[in-house]
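Residue numbers (our numbering): 355 to 695.
Laid out in structure tokens, this is it:
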């Protein structure tokens, strides 16, 4: 320390300046070094491991007092260029870095889906060369960039980022069925087609959206129906009805998710039906059920079933469910008169 004082005093005399070593703040050493070695600023990646502005690596022993500092100025480096040993350094505050390099610091804003939060996140990153000076995250503001990020997530999840109600799912399946069966003008609402066109049919409904909650609150029935021309939408219930109306007054849902429409019906509810029900010109596949809703048979030809295997089914049902009526000619039976005994 004595030699340092003598050396400092000698330099002060040569420069003809007043200099008091006792007045020097050692915590400002990094800020001073930064002026002389601006390219030697390094940011900690993990304990003892640093990255220089150029992107090269540098290191200190884990037990070095500077090993856990956020930023250091490496005045002396030794060893490999991509992983140099720091021989002499001083810590420097982030505020000093910003003050020294303000115009050179870049700020990058991104809006993207965060897998951990399962929501849209805005990230604002400040960088100086290869060094990240700071990262701030939060909820994004509404705008075109935010909407675009939401659309990207809907595409990436193949529409699963949306909340599909039973009604929305069935509407989509009905239209898909008619597209497969009848073609134009019924639109292609397959996952691939809808995902590829979200900017057209979905984005207009999200002008103020900022995150997942806005996607989940969408009324997809309204959104999808708005994509159908009026003359097409008015035919939907006739060509692909939601429910199969039964002679006795009941109705059952029609499932359009398979290769052809399906309906699960108690066979007694079909008494009096002489023509096989259809949707979009295709026979509805009837899954015939017992009074206990157990499967009996599957048919796409109800008149053929009545005329064929019904006699054997009738014997079995009469033995299992004797309190129910099992007519020999169900096609002409009145379901409203077929009351349990």
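Where a beta carbon is used, it is the ideal one built from N, C-alpha and C, also for glycine.
Cβ neighbours of residue 494 within its own chain (closer than 8 Å, five residues either side excluded): 465, 474, 475, 476, 500, 503, 564 and 565. Residue pairing from DSSP leaves residue 577 without any beta-bridge partner. Excluding sequence positions up to five before and after residue 599, its CB lies within less than 7 Å of the CB of 605, all in the same chain and listed in chain order. Closest in alpha carbon position to residue 584, among 617, 676 and 540, is 540.
When DSSP assignments are scanned along the stretch 461 to 547, the uninterrupted stretches of alpha helix (DSSP H) that are 4 or more residues long and fall wholly within it turn out to be 498 to 510 and 520 to 536. Of the candidates 588, 384, 399 and 467, the residue whose Cα lies closest to the Cα of residue 430 is 384. Apart from sequence neighbours up to five positions away, the residues of its chain that approach residue 516 with a beta-carbon distance below 6 Å are 569, ordered along the chain.
At least 8 Å separates the beta-carbon of residue 654 from that of residue 594. Every beta strand (DSSP E) of 3 residues or more that sits fully in the stretch 377 to 443 is shown, in chain order, as 395 to 400, 403 to 406, 411 to 413 and 425 to 433.
Collapsing the DSSP output to three states places residue 649 in a strand. Here DSSP, grouped into helix, strand and coil, assigns residue 687 to coil. The DSSP-derived three-state label of residue 563 is coil.
DSSP places residue 596 outside both helix and strand once states are collapsed to three, so it counts as coil. Proximity to residue 421 across 406, 620, 625 and 401 peaks at 401, based on C-alpha coordinates. If you draw a 10 Å sphere on the C-beta of residue 423, you find 16 or more other C-beta atoms in it, and that means buried. If you draw a straight line from the Cα of residue 413 to the Cα of residue 394, it comes to about 13 Å.
Remark: C-beta atoms of residue 622 and residue 561 do not approach each other more closely than 8 Å. Remark: C-beta atoms of residue 549 and residue 509 approach each other more closely than 8 Å. Judged by DSSP secondary structure, residue 659 falls within the alpha helix (DSSP H) whose first and last residues are 656 to 661. Secondary structure of residue 644 (DSSP, three-state): coil. Between the stretch 572 to 579 and the stretch 517 to 536 there are three or more inter-stretch CB-CB distances shorter than 8 Å, so the stretches are counted as touching. Burial is judged here by how many other beta carbons sit within 10 angstroms of a residue's own beta carbon; residue 507 has at least 16 and is buried.
Rounded to whole angstroms, the separation of the alpha carbons of residue 462 and residue 432 is 33 Å.
Linking residue 659 to residue 645 through their CA atoms gives a straight-line distance of about 18 Å. Residue state for residue 601 is assigned as coil, using DSSP reduced to three classes. Judged by DSSP secondary structure, residue 449 falls within the alpha helix (DSSP H) whose first and last residues are 448 to 455.
Taking C-beta atoms as the reference points, residue 651 and residue 636 fail to come closer than 8 Å. Looking at the backbone, the Cα of residue 671 and that of residue 680 are separated by about 8 Å. When the beta-carbon positions are compared, residue 686 and residue 657 stay at least 8 Å from each other. In the three-state reduction of the DSSP assignment, residue 676 falls in the coil class, being assigned neither a helical nor a strand state. A Cβ-Cβ contact shorter than 8 Å links residue 427 with residue 388.
Of the candidates 643, 445 and 403, 445 places its Cα closest to the Cα of residue 391. Residue environment: residue 482 is assigned as buried (16 or more neighbouring CB atoms within 10 Å of its CB, all protein chains considered). The three-state secondary structure of residue 639, taken from DSSP, is strand.
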